[in-house]
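What follows is a short report on a single structure.
Protein chains: 2
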Amino acid sequence: MKKILIFLLLLPVFNTFAQNRIEKWRVFELTLKGTSKGNPFTEIQVSAEFTNGNQQKIIQGFYDGNGIYKIRFMPQETGTWNWITSSNSKPLNNKKGSFECIAPTGNNHGPVVVKDTFYFVYSDGKPHYSFGTTCYAWVHQGDSMADLTLKTLGNGYFNKIRFCIFPKDYDWNKNEPLIYPFEGNPLKDWDYTRFNPAYFQNIEKRIAQLDSLGIEADLIVFHPYDRWGFQNMDPQTDERYIRYIIARFSAFKNVWWSMANEFDFMSAKKMEDWDKFIRLFAENDPYNHLRGIHNGAVWYDHTNPLITHASIQSEETYRAKELRMKYKKPVVFDECRYEGNIPWSWGNLTPQEMVNKFWRGVTNGGFVGHGETYVTENPVKMPHESNDNLWWSKGGILRGQSPERILFLKNIIESSPGYLKPADLFEWWMPFSAVSYKDEYYLAYYNLDQPRSQILKLPEKSRYTIEIIDAWNMTITPVEGEFSGRSLVVLPQKPFTALRITKIKR
Amino acid sequence: MKKILIFLLLLPVFNTFAQNRIEKWRVFELTLKGTSKGNPFTEIQVSAEFTNGNQQKIIQGFYDGNGIYKIRFMPQETGTWNWITSSNSKPLNNKKGSFECIAPTGNNHGPVVVKDTFYFVYSDGKPHYSFGTTCYAWVHQGDSMADLTLKTLGNGYFNKIRFCIFPKDYDWNKNEPLIYPFEGNPLKDWDYTRFNPAYFQNIEKRIAQLDSLGIEADLIVFHPYDRWGFQNMDPQTDERYIRYIIARFSAFKNVWWSMANEFDFMSAKKMEDWDKFIRLFAENDPYNHLRGIHNGAVWYDHTNPLITHASIQSEETYRAKELRMKYKKPVVFDECRYEGNIPWSWGNLTPQEMVNKFWRGVTNGGFVGHGETYVTENPVKMPHESNDNLWWSKGGILRGQSPERILFLKNIIESSPGYLKPADLFEWWMPFSAVSYKDEYYLAYYNLDQPRSQILKLPEKSRYTIEIIDAWNMTITPVEGEFSGRSLVVLPQKPFTALRITKIKR
Numbered sequence: 026m027k028k029i030l031i032f033l034l035l036l037p038v039f040n041t042f043a044q045n046r047i048e049k050w051r052v053f054e055l056t057l058k059g060t061s062k063g064n065p066f067t068e069i070q071v072s073a074e075f076t077n078g079n080q081q082k083i084i085q086g087f088y089d090g091n092g093i094y095k096i097r098f099m100p101q102e103t104g105t106w107n108w109i110t111s112s113n114s115k116p117l118n119n120k121k122g123s124f125e126c127i128a129p130t131g132n133n134h135g136p137v138v139v140k141d142t143f144y145f146v147y148s149d150g151k152p153h154y155s156f157g158t159t160c161y162a163w164v165h166q167g168d169s170m171a172d173l174t175l176k177t178l179g180n181g182y183f184n185k186i187r188f189c190i191f192p193k194d195y196d197w198n199k200n201e202p203l204i205y206p207f208e209g210n211p212l213k214d215w216d217y218t219r220f221n222p223a224y225f226q227n228i229e230k231r232i233a234q235l236d237s238l239g240i241e242a243d244l245i246v247f248h249p250y251d252r253w254g255f256q257n258m259d260p261q262t263d264e265r266y267i268r269y270i271i272a273r274f275s276a277f278k279n280v281w282w283s284m285a286n287e288f289d290f291m292s293a294k295k296m297e298d299w300d301k302f303i304r305l306f307a308e309n310d311p312y313n314h315l316r317g318i319h320n321g322a323v324w325y326d327h328t329n330p331l332i333t334h335a336s337i338q339s340e341e342t343y344r345a346k347e348l349r350m351k352y353k354k355p356v357v358f359d360e361c362r363y364e365g366n367i368p369w370s371w372g373n374l375t376p377q378e379m380v381n382k383f384w385r386g387v388t389n390g391g392f393v394g395h396g397e398t399y400v401t402e403n404p405v406k407m408p409h410e411s412n413d414n415l416w417w418s419k420g421g422i423l424r425g426q427s428p429e430r431i432l433f434l435k436n437i438i439e440s441s442p443g444y445l446k447p448a449d450l451f452e453w454w455m456p457f458s459a460v461s462y463k464d465e466y467y468l469a470y471y472n473l474d475q476p477r478s479q480i481l482k483l484p485e486k487s488r489y490t491i492e493i494i495d496a497w498n499m500t501i502t503p504v505e506g507e508f509s510g511r512s513l514v515v516l517p518q519k520p521f522t523a524l525r526i527t528k529i530k531r
Numbered sequence: 026m027k028k029i030l031i032f033l034l035l036l037p038v039f040n041t042f043a044q045n046r047i048e049k050w051r052v053f054e055l056t057l058k059g060t061s062k063g064n065p066f067t068e069i070q071v072s073a074e075f076t077n078g079n080q081q082k083i084i085q086g087f088y089d090g091n092g093i094y095k096i097r098f099m100p101q102e103t104g105t106w107n108w109i110t111s112s113n114s115k116p117l118n119n120k121k122g123s124f125e126c127i128a129p130t131g132n133n134h135g136p137v138v139v140k141d142t143f144y145f146v147y148s149d150g151k152p153h154y155s156f157g158t159t160c161y162a163w164v165h166q167g168d169s170m171a172d173l174t175l176k177t178l179g180n181g182y183f184n185k186i187r188f189c190i191f192p193k194d195y196d197w198n199k200n201e202p203l204i205y206p207f208e209g210n211p212l213k214d215w216d217y218t219r220f221n222p223a224y225f226q227n228i229e230k231r232i233a234q235l236d237s238l239g240i241e242a243d244l245i246v247f248h249p250y251d252r253w254g255f256q257n258m259d260p261q262t263d264e265r266y267i268r269y270i271i272a273r274f275s276a277f278k279n280v281w282w283s284m285a286n287e288f289d290f291m292s293a294k295k296m297e298d299w300d301k302f303i304r305l306f307a308e309n310d311p312y313n314h315l316r317g318i319h320n321g322a323v324w325y326d327h328t329n330p331l332i333t334h335a336s337i338q339s340e341e342t343y344r345a346k347e348l349r350m351k352y353k354k355p356v357v358f359d360e361c362r363y364e365g366n367i368p369w370s371w372g373n374l375t376p377q378e379m380v381n382k383f384w385r386g387v388t389n390g391g392f393v394g395h396g397e398t399y400v401t402e403n404p405v406k407m408p409h410e411s412n413d414n415l416w417w418s419k420g421g422i423l424r425g426q427s428p429e430r431i432l433f434l435k436n437i438i439e440s441s442p443g444y445l446k447p448a449d450l451f452e453w454w455m456p457f458s459a460v461s462y463k464d465e466y467y468l469a470y471y472n473l474d475q476p477r478s479q480i481l482k483l484p485e486k487s488r489y490t491i492e493i494i495d496a497w498n499m500t501i502t503p504v505e506g507e508f509s510g511r512s513l514v515v516l517p518q519k520p521f522t523a524l525r526i527t528k529i530k531r
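Structure (structure tokens):
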């Protein structure tokens, strides 16, 4: 608030405002004062060229209302960046300046990118193991609910959250959003040529808050749960909207683009439309943020080279191993049904089964996303009559028992010595799924089965320690002894058993 | 024992022996004294023509050792049956007689046949809902183990049991059988042209004992778990063996023919061999007993019209609904993994998951088979070193918790008003599988999910009672009130929930 006040005071004097010094991968924001006449969204173009040695980027700006234009830039190199603006409007043209880009500090690891075909990595080299959640409409529930959601996310269960840019209309989410993305009134006089900057400012505030918590913002560009017309906009509006959100959001390092939720449930869009949207992002996002597309009943062909990772809705998370090979990309089960108690088939998993789906996905070389749908209203209501707060839709608090166990798994994975891949060492008849890092580390999971023993075929030239993990009770118990070659291990004979096998370094 | 003594005493006097009077569907056995010279198995043919009004059957006999020939016949009509033998050996030729076939009594319901495409029925019209189990080698473990197995089966959990005609060589089943199906010594001098009658007498004793318990004997004709050579016999031997077991066993009303267990794991056999075996049974079994073939990794094409039902190995029992439509036959998941604790992937289901697979199969219009693989030896041994008694292999006692729950389900299904088919009434988004009988009765199952409520779309013109079933705790609790049309039902919010919905008859 204070910053905005200073900013407003300065504006009459300087019509250009920007930082002098920012960290690599942070948002450099150039604010320019221009005209508010006519329709600045459609009539005014403004961009800036940023140069640093032989590095050069042309970045599109956007109109933010009240005669304010902004150009946001995420520097990916340290050193001095010079900039110069270009516009068809004189007050915005030929402005110059420079800033110093310094090394990142603290938890600034830069944007997440794909590494070694199947994995994610932050730009500074730190591995990113995706453990996501879903709160489709959390940014449209006002500040107090958003604050509560952020507080919950602060517990560190998840490092990615999927949510919709447009408001959502669905069971348990019939409330009207506080503000709308376009000027005008719902279903009366939308002016699709004029965005409502406040709507997008709210979203970017949330993106920045997530970033401060180390959480990736997986932005859902289109979705079918809509009563306002946003799923049926014309192609020109769709494209203008995409270019606008790229200009506004792409400088935030934690942004991922999800073309749609359940793209195939949007009857007004054809497969060519989705291909076109993907290409629009690929060609116009200066930072090449991760791009996915989430399916309903029909799967997108994730072999499209402009898709960076396979974003899958399927409860069969164990298929990660097969889908890796099919798509040759990271496989993220962004939706595998939700922990909850609602009457819809996708929202009544036990916490046990949610945890199981995480372990199965991860020990088959994939990534899995969480969601939660607990209704608590009394008396029980029909879904369309209920305005209960379900995490999956509105955020707020978590009621389930899976997040704590997901965090337990996340901690195990984050402490592994390297990226884990499906383990060749283990044979098909072995009753678990397993991943390994070279011959140094194995993680095997027994699903909900209850074997009493395991015959392992460990490498003969090394010795290993074995720990038995109880994935539900979150215990890790060392097995006495050292193991090598063909080894018989006695197991606790109950569901949620996993093994962590670590090579002993001499 | 007494009967056999009398029989032996009579033989020197009469060289033909048979009953005068038997129930429909029981075994009429004609015993003839002939030569034991040469090789009666290959050199002597004997058959009998049975006639009763315009009914006529030619039935092949078989050599039972010690100069004894038998012709077994299962009459399918009451009244007087006349018979006359035919043979290339004079003492067996042109023998005549008759017997009276009387109405069945007690639990004699006749052979099971297919009804209305997807179901089984006893020949007297009583529905047969298949609830099977598997004890591959129980008939090869000697009398005391077999008696124990029969005692366990007497608890009524199951009405079908799958087992192998040949002995079995596999982990936890390395013991030598007491006797062999052929003359000679293992791997030295088998004489494949001479059967060992005692071997087959033992099996038919078990078939008869099962029948007295009301249990179908699903006989596995070939299997790959073999160290004696029976999986690699030449085509002539295979065919002679098939004709021999048809002659010996087919008059037992409770016989089903399973061409193989895991047919595709028998590398010496080609698909044409299986087609040929199926045709051999179809053309030579006078009673057209049920014929199936059980898969390993490769599924047989169960659309073959000579296959009576799809015998499936798959843990995905919920696919019954889809497979019914694919094969247009009853779908029996004869193997969906086993309740147990062994280190092989197919033998370590929790009892909960075994029960779940039964409910999912049944509420998708299929039938499911049980199996149990609990190792109890201490200390824990490598599977190939263990000679533990596992139900799945040797029979004996059941250690699991699923059989009692399977019986609970069996009782529910057997008390339904008619054959249940996948319910059209319920829509895809409803979180359960459901079957119904007309609009009179619905059975819906929620898998391991935990919905808190259900919106049902019941027929509006009738009123229904609803009961909540806990499939694990085996309780049935009526919901207060009567229901009609769109109805909200509050559920207990835990796994193993099912609903039984019954039309109120005014």
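As you go down the protein sequences, you meet chains A and B in turn.
Start counting the first sequence at 26; every next residue gets the next number (the working numbering).
Start counting the second sequence at 26; every next residue gets the next number (the working numbering).
Idealized CB from N, CA, C, for every residue including glycine.
Given this structure, state the Cα-to-Cα distance separating residue i from residue j, to the nearest angstrom.
i	j	result
Lys-115/A	Ser-72/A	13 Å
Gln-234/B	Lys-353/B	33 Å
Ile-245/B	Lys-294/A	54 Å
Ile-493/B	Ile-501/B	6 Å
Thr-218/B	Ala-43/B	28 Å
Phe-124/B	Trp-106/B	5 Å
Leu-445/A	His-153/A	12 Å
Glu-485/B	Gly-510/B	4 Å
Lys-482/A	Met-455/A	10 Å
His-334/A	Asp-141/B	48 Å
Leu-415/A	Val-514/B	20 Å
Thr-177/B	Gln-338/A	45 Å
Trp-369/B	Ser-478/A	9 Å
Thr-398/B	Tyr-205/B	26 Å
Give the single residue among the options whose Cα lies nearest to the Cα of residue i.
i	options	result
Asn-200/A	Gly-167/A, Asp-474/A, Phe-188/A, Phe-225/A	Gly-167/A
Phe-183/B	Asn-403/B, Ser-427/B, Lys-230/B, Ala-459/B	Ser-427/B
Trp-253/B	Thr-177/B, Glu-102/B, Leu-212/B	Leu-212/B
Thr-262/A	Ile-232/A, Ser-292/A, Trp-215/A	Trp-215/A
Trp-50/B	Asn-91/B, Thr-103/B, Ile-93/B	Thr-103/B
Pro-65/A	Glu-308/A, Phe-508/A, Phe-220/A, Lys-463/A	Phe-220/A
Among the residues of its own chain, which have a CB less than 6 Å from the CB of residue i, if the five just before and after it don't count?
i	result
Tyr-362/B	Looking at the sequence itself, residue 362/B is Arg, so the reference to Tyr does not match. Excluding positions up to five away in sequence, the list reads Glu-340, Trp-371, Leu-374.
His-134/A	Tyr-147, Asp-149, Lys-151
Do residue i and residue j have their CB atoms nearer than 9 Å?
i	j	result
Ala-285/A	Ile-318/A	yes
Ile-69/B	Ser-111/B	no
Phe-188/A	Ala-242/A	yes
Asp-155/B	Phe-433/B	Asp is not the amino acid found at residue 155/B; the sequence shown has Ser there. Against a cut-off of 9 Å, the Cβ pair of Phe-433/B and Ser-155/B comes out as no contact.
Leu-524/A	Ala-469/A	yes
Apart from the five residues just before and just after residue i, which ones in its own chain have a Cβ nearer than 8 Å to its Cβ?
i	result
Gly-179/A	Leu-238
Asn-45/A	Phe-124, Glu-125
Considering residue i, what are the terminal residues of the alpha helix (DSSP H) in which it resides?
i	result
Glu-54/B	Careful: Glu-54/B lies outside any alpha helix (DSSP H), inside the beta strand (DSSP E) at 53-58.
Asn-436/B	427-439
Ile-232/B	222-237
Within the continuous beta strand (DSSP E) that includes residue i, where are the two ends?
i	result
Arg-304/B	Note, Arg-304/B: premise wrong, no beta strand (DSSP E); alpha helix (DSSP H) at 296-309.
Asp-243/B	241-247
Gln-338/A	335-338
For residue i, I'd like the list of residues in its chain whose CB is within less than 7 Å of its CB, leaving aside the five on either flank, ordered along the chain.
i	result
Gln-475/A	Gln-518, Lys-519, Pro-520
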